[in-house]
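Numbering (the numbering used here), first residue to last: 2 to 118.
Beta carbons: idealized from backbone N, C-alpha and C, even for Gly.
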């Protein structure tokens, strides 16, 4: 995925408008759209860094070729936004629940695997 597509994908996943991103980085909306559409290809680091920061990424992430495992879906981003609103105790409860569910899934997988042998 090229840099422009990464910017747009991440911006949309965060529920951020092009206007908001433009405001954060001190550019106008048209410029943001030009970055996203690849019309401005060779962005200097002085432009990439503030965009990355606004999108919660590092400049390296723009240039890396990551697998789909590294892509955060809009549903995952919505969960993260909700998680961030919780207090520390509630966050720990959620983490414990996730660990428990993963343990159950692993145990179920191992039982299925052993019954096939």
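Query                                                                                                                                                                : Result
Residue 45 by DSSP, collapsed to three states: which one?                                                                                                            : coil
Assess contact between the segment 52–62 and the segment 91–102, defined as three or more Cβ pairs (one per stretch) separated by less than 8 Å. Is contact present? : no
Given residue 38, which residues of its chain have a CB within under 7 Å of its CB, disregarding the five upstream and five downstream residues?                     : 5
Just verifying my parser: in three-state terms, what is the DSSP assignment at residue 53?                                                                           : helix
What residue range is occupied by the uninterrupted alpha helix (DSSP H) comprising residue 81?                                                                      : 75–85
May I ask which residues mark the beginning and end of the alpha helix (DSSP H) holding residue 13?                                                                  : 4–14
Nearest-angstrom Cα distance between residue 26 and residue 79?                                                                                                      : 23 Å
Ordered along the chain, which non-local residues of its own chain (more than five positions away) have a Cβ less than 7 Å from that of residue 88?                  : none
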